[in-house]
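Using our numbering, the letters of the sequence shown map in sequence onto residues 4 to 73.
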Amino acid sequence: MLLLHNIGNAFIDVSAQAGPSFQEPWLGRGLAIGDIDNDGRVDFVVSTNDGPAHILRNTTPRKITGLRSL
4 MLLLHNIGNA FIDVSAQAGP SFQEPWLGRG LAIGDIDNDG RVDFVVSTND GPAHILRNTT
64 PRKITGLRSL
């Protein structure tokens, strides 16, 4: 899998820093996103070709810098 970070005008490959799931060779076929564990962070489920689904929980630290209306 490949994980890219959007820095505004380009994407940077951050797969090496994203954990062991991004170091394993497997063929993904479908992706679902949502807050699986209800912690306010987006998590992912990836289905694979002839294999199990991978649940990728987002455990990044939260930064609370204030609220902003959109």
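Yeah, the Cβ is synthetic: ideal placement off N, Cα and C, and Gly gets one too.
If you're wondering where the values come from, they're calculated on a predicted model, not measured in any experiment.
Ignore the nearest five residues each way along the sequence and tell me which others in residue 36's own chain have a CB closer than 6 Å to its CB. 45 and 47.
Residue 51 - containing beta strand (DSSP E), residue span: Where residue 51 is concerned, the enclosing beta strand (DSSP E) stretches over 46–51.
Taking 6 Å as the limit between beta carbons, can you name the residues of its chain near residue 50, skipping five residues before and five after? For residue 50, where only same-chain residues beyond five positions count, the Cβ hits under 6 Å are 32, 33 and 56.
Residues sharing a beta bridge with residue 16, DSSP: BP columns for residue 16 point to 7.
In whole angstroms, give me the CA-to-CA distance for residue 28 and residue 22. Spanning the two alpha carbons is a distance of roughly 13 Å.
Just reading off the beta strand (DSSP E) that residue 36 is part of, what are its end residues? Element bounds for residue 36: 31–37.
Three-state secondary structure (DSSP) of residue 60: Residue 60: coil per DSSP, three-state reduction.
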